[in-house]
Amino acid sequence: MASPLGKDTVVIAPRFRSGLLYALGAVAGIAALALGCVYGISEWKMRRTYEAPLAPLRPQAAIDLAAGKHMAKVLGCWSGCHGKEGEGGVEYIVGIHRNTAPTLSQVVPTYTDDELARLIRYGVKRDGRSAIGMISYTFWPLGDQDIANIIAHLRSQPAKPPVPRTHQIELRGRWALVTGAWKVSAEQVDRSIPRWGEQPRNTAFERGRYLASITCTECHGLDFRGNPLEGGPSLVVVAVYQPGQFRYLLRTGKPIDGRDIPEMSWMPNVDFTDREIADLYNFLREYHGLETAPDSAFGLVSASATQTNGP
Numbered sequence: 001m002a003s004p005l006g007k008d009t010v011v012i013a014p015r016f017r018s019g020l021l022y023a024l025g026a027v028a029g030i031a032a033l034a035l036g037c038v039y040g041i042s043e044w045k046m047r048r049t050y051e052a053p054l055a056p057l058r059p060q061a062a063i064d065l066a067a068g069k070h071m072a073k074v075l076g077c078w079s080g081c082h083g084k085e086g087e088g089g090v091e092y093i094v095g096i097h098r099n100t101a102p103t104l105s106q107v108v109p110t111y112t113d114d115e116l117a118r119l120i121r122y123g124v125k126r127d128g129r130s131a132i133g134m135i136s137y138t139f140w141p142l143g144d145q146d147i148a149n150i151i152a153h154l155r156s157q158p159a160k161p162p163v164p165r166t167h168q169i170e171l172r173g174r175w176a177l178v179t180g181a182w183k184v185s186a187e188q189v190d191r192s193i194p195r196w197g198e199q200p201r202n203t204a205f206e207r208g209r210y211l212a213s214i215t216c217t218e219c220h221g222l223d224f225r226g227n228p229l230e231g232g233p234s235l236v237v238v239a240v241y242q243p244g245q246f247r248y249l250l251r252t253g254k255p256i257d258g259r260d261i262p263e264m265s266w267m268p269n270v271d272f273t274d275r276e277i278a279d280l281y282n283f284l285r286e287y288h289g290l291e292t293a294p295d296s297a298f299g300l301v302s303a304s305a306t307q308t309n310g311p
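For the sequence shown, our numbering gives the first residue as 1, with consecutive numbering after it.
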């Protein structure tokens with residue numbers, strides 16, 4: 001008699017079927033356990049507290065609100081992560097996280113100057129937890145004078161309506177937290193790096209090193225040789241530019257081929273001075289072993305410094 005199931009039907013024995021289901025269940029259980037571990041470890045890193053000193057700022061000169069406004073743009077407090085004028089914005093790394101950068105007029109008044117300085121330099125908030133997405137590793141070299149000027153400028157601004165706060169972390173972002181490929185702000189800060197803002201800045205190399213350290217390292221790495229996570233290339237790419245091409249880059253945020261690069265879109269709002277552009281250019285040239293350019297290439301008459309030197 002022919003089988004009612006048809007001659008091509010494969011009959012799975014009950015014992016084999018139960019074994020297969022057990023194996024699938026075990027795999028699902030292991031996957032769930034792994035996901036739970038990734039979630040748990042990443043949450044612990046985001047919720048734990050971090051040690052960082054609360055030291056008073058010691059500016060060497062009177063507070064300069066205009067200089068504070070300029071440096072707020074250079075750092076991206078304005079015209080960057082927190083919006084054009086501190087109204088709030090979005091900070092993100094594709095595939096890792098997307099975070100609302102808060103309205104500065106809502107956050108700044110809740111901190112003392114010393115607490116803000118700690119948050120800026122160490123990435124540590126008032127409650128001891130780390131900020132997430134804040135580029136404190138880039139701000140670490142800031143001198144007391146610049147931080148004091150920036151804070152004073154931000155405190156002088158009128159209050160703005162707060163933006164809704166959200167923070168989305170992708171699974172890849174949580175995995176990156178677990179493996180150390182991406183870190184919370186407090187863990188990213190390399191405290192062994194000299195605080196260039198407190199060092200002499202008498203030469204183009206010294207002034208350019210300071211500016212590059214507090215503006216370029218977010219996307220291009222602490223050694224200016226690239227940041228794979230952010231996708232920023234080595235700055236040797238722009239070090240080989242001619243002076244006019246480099247000025248065009250800093251004025252427009254566009255490379256010499258005219259492409260739009262979203263990560264560079266903030267640069268036209270910074271208003272880098274000719275001296276800052278020349279110093280950045282010559283630092284990058286010297287850093288990569290290339291010949292520097294004279295001041296005249298940037299429309300400058302002399303090489304006199306325009307920034308206050310560190311002590």
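Think of the CB as a built atom: it goes at the ideal place given N, C-alpha and C, for glycine as much as any other residue.
Closest option to Glu-51, judged by alpha-carbon separation, among Asp-64, Arg-126, Gly-19 and Ser-105: Arg-126.
Judged by beta-carbon spacing, Gly-143 lies within the 8 Å limit of Glu-198, meaning their Cβ atoms are closer than that value.
Rounded to the nearest whole angstrom, the C-alpha separation of Gly-83 and Arg-47 is 26 Å. Between Arg-121 and Ala-32, the alpha-carbon positions lie close to 38 Å from each other.
In this structure, DSSP gives Gln-245 a helical state, which the three-state scheme calls helix. By the criterion of at least three beta-carbon pairs nearer than 8 Å, the region 238-246 is in contact with the region 269-289. The criterion of a C-beta distance shorter than 8 Å is not satisfied by Asp-114 and Leu-75. Counting only runs of 3+ residues, no beta strand (DSSP E) is found wholly inside the region 111-153. Ranked by Cα distance from Ala-61, the first of Thr-100, Gly-36 and Ile-147 is Ile-147. Taking C-beta atoms as the reference points, Val-38 and Arg-174 count as a pair closer than 8 Å. Burial state of Val-270 is buried, judged by a 10 Å Cβ sphere holding 16 or more other Cβ atoms.
Taking C-beta separations shorter than 6 Å and ignoring five residues to either side along the sequence, the partners of Ser-234 in its chain run Arg-225 and Gly-226, following chain order. Contact between the region 213-220 and the region 131-143 is established, with three or more Cβ pairs separated by less than 8 Å.
The Cβ atoms of Leu-116 and Val-108 lie closer than 8 Å to each other. The shortest C-alpha to C-alpha distance from Glu-43 to any of Lys-183, Pro-194 and Asn-149 is the one to Lys-183. The C-beta distance from Glu-230 to Ile-93 rounds to 6 Å, short enough to fall under 8 Å. The criterion of a C-beta distance shorter than 8 Å is satisfied by Leu-300 and Asp-274. Under DSSP, Val-90 forms a beta bridge with Thr-100. Inclusion of Leu-154 and Ala-72 in the CB contact set at 8 Å is warranted, their separation being smaller than that value. Assignment of beta-bridge partners to Ile-30 by DSSP yields no partner. Going by beta carbons, Gln-157 and Pro-59 fall outside the 8 Å limit. Beyond the five residues adjoining it in sequence on each side, Pro-164 comes within less than 8 Å, by CB distance, of Thr-100 in the same chain, given in chain order. Spanning the alpha carbons of Val-237 and Asp-190 requires a straight line of approximately 25 Å. Taking the CA atoms as reference points, Ile-261 sits about 16 Å from Cys-81. Leaving aside the five residues that flank Gly-95 on each side, the residues in its chain whose CB is nearer than 7 Å to its CB run, in chain order, Glu-170 and Arg-172.
Boundaries for Ile-169: no alpha helix (DSSP H) harbours it, while the beta strand (DSSP E) harbouring it runs 167-169, taken from the DSSP string.
If you check the CB distance, His-167 and His-97 come in under 8 Å. Annotation for Gly-68: the continuous alpha helix (DSSP H) segment containing it runs 65-75. Taking the Cα of Pro-162 as reference, the smallest distance to any Cα among Asn-202, Gly-128, Thr-103 and Glu-206 is reached at Thr-103. A residue is called buried once 16 or more other Cβ atoms fall within 10 Å of its Cβ, and Gly-40, having fewer, is exposed.
Note: Thr-49 is bridge-paired with Arg-129 in the DSSP secondary-structure output. By the beta-carbon neighbour count (other beta carbons within 10 angstroms, threshold 16), Tyr-22 is exposed. Taking a contact as a CB-CB distance under 8 Å, the pair Gly-258 and Met-267 does not count as one, their CB atoms being some 14 Å apart.
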